[in-house]
Amino acid sequence: TESPMTVINDSLFKFELPSQQYRTKTEYYIVAEDVNGNGTNSGIKWFVNKRPPAQIVIATDSTASTDMPNPFYQLYTQGRIQFIIKASELEEFGVPAGPIESIAFNVTATSAQTSAGSLFDNFNIKGGTTTQEVANTSFSQSLPVLYEAPNLIGQHAVGWNEFTFSTPIYWDGTSNLIFETCFNNYTTVSNYSGNASITQTNTSFISSSAAYTDSGTPDVCSSIGSSNLYTYSKRPVVRLGYQQTDFDIDV
394 TESPMTVIND SLFKFELPSQ QYRTKTEYYI VAEDVNGNGT NSGIKWFVNK
444 RPPAQIVIAT DSTASTDMPN PFYQLYTQGR IQFIIKASEL EEFGVPAGPI
494 ESIAFNVTAT SAQTSAGSLF DNFNIKGGTT TQEVANTSFS QSLPVLYEAP
544 NLIGQHAVGW NEFTFSTPIY WDGTSNLIFE TCFNNYTTVS NYSGNASITQ
594 TNTSFISSSA AYTDSGTPDV CSSIGSSNLY TYSKRPVVRL GYQQTDFDID
644 V
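Residue 394 is where the sequence shown starts when you use my numbering, and the numbers rise one by one after that.
Right under this line is the structure:
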């Protein structure tokens with residue numbers, strides 16, 4: 394498969410690797426062609442071995458709880474949380490700089506569907522890098538959407554509930570990470586059931602904030618309005634998935 398190169402400057406060229414399956418090893422080499430299509434193999438080659446995403450659990454301790462901060466807090470019609478993971482924590486647990494492709498929450502008991510048949514309707518996950526050091530009830534409002542679904546029917550179960558991002562977060566190795574989950578079950582009336590139980594971990598700083606309400610307006614996912622607002626020195630135990638790729642250069 395050919396992949397054209399883009400000239401950046403006299404000594405720098407760029408090209409994008411085509412997609413490949415996990416656990417496959419692909420050989421690449423550079424061919425220089427003249428205007429007539431005559432090519433010469435440069436002799437420079439390298440190999441890319443794509444491994445399945447590695448997974449690391451971020452937690453210093455673990456306690457099962459139905460309380461906030463909880464992405465599956467359906468005792469109210471709408472629920473939103475944000476939480477921060479510091480760069481020092483990511484480094485401590487061995488997360489390398491690079492793309493983070495998924496997040497998972499550990500559910501110990503599920504939440505039932507509401508009487509209207511809802512189960513975390515309009516569920517979404519947002520996130521990115523941040524310089525923010527602690528969570529607050531103002532909520533960061535400009536986070537990119539990483540995952541969204543009309544509901545979690547068929548996806549909500551005991552064990553690790555994993556959500557693969559539509560676009561990975563690139564962690565630079567020095568910034569903190571911030572994540573948000575939100576859902577809105579409101580139809581024409583309040584629409585709730587009960588909370589799932591998840592594992593949570595304590596932190597030495599205010600790491601999470603939460604907003605929840607039975608009202609239909611505003612949509613808590615975009616505006617916190619007069620919601621119940623709280624901060625916590627704990628957050629959900631999460632498992633982050635990141636991609637490992639081997640580069641072996643043979644000149």
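The C-beta atom is built at its ideal place from N, Cα and C for all residues, glycine as well.
| Asked | Found |
| --- | --- |
| Under the rule that 16 or more other beta-carbon atoms within 10 Å means buried, what is K407, buried or exposed? | exposed |
| Indicate whether the contact test is met: 3 or more Cβ pairs, each with one atom in the region 579-594 and one in the region 537-545, closer than 8 Å. | no |
| Alpha carbon to alpha carbon, what distance is there between S404 and E426? | 17 Å |
| Based on DSSP bridge pairs, tell me the residues matched to S590. | A502 |
| So I449 and V488 are supposed to be a Cβ contact under 8 Å. How far apart are they, rounded? | 5 Å |
| Using the Cα positions of E494 and D565, report the straight-line distance between them to the nearest angstrom. | 14 Å |
| Relative to the C-alpha of T456, which candidate in Q636, P629, C614 has its C-alpha closest? | P629 |
| Within 10 Å of its beta-carbon, does D454 have 16 or more other beta-carbons around it, so buried, or fewer, so exposed? | exposed |
| With H, G and I counted as helix, E and B as strand and the rest as coil, what does DSSP make of V483? | A small correction: the amino acid at residue 483 is Leu; Val does not occupy that position in the sequence shown. Residue state, collapsed to three classes: helix. |
| Classify S504 as buried or exposed, calling it buried when 16 or more other Cβ atoms lie within 10 Å of its own Cβ. | buried |
| Let's see if you can read the secondary structure: which residues bound the beta strand (DSSP E) around G552? | 552-564 |
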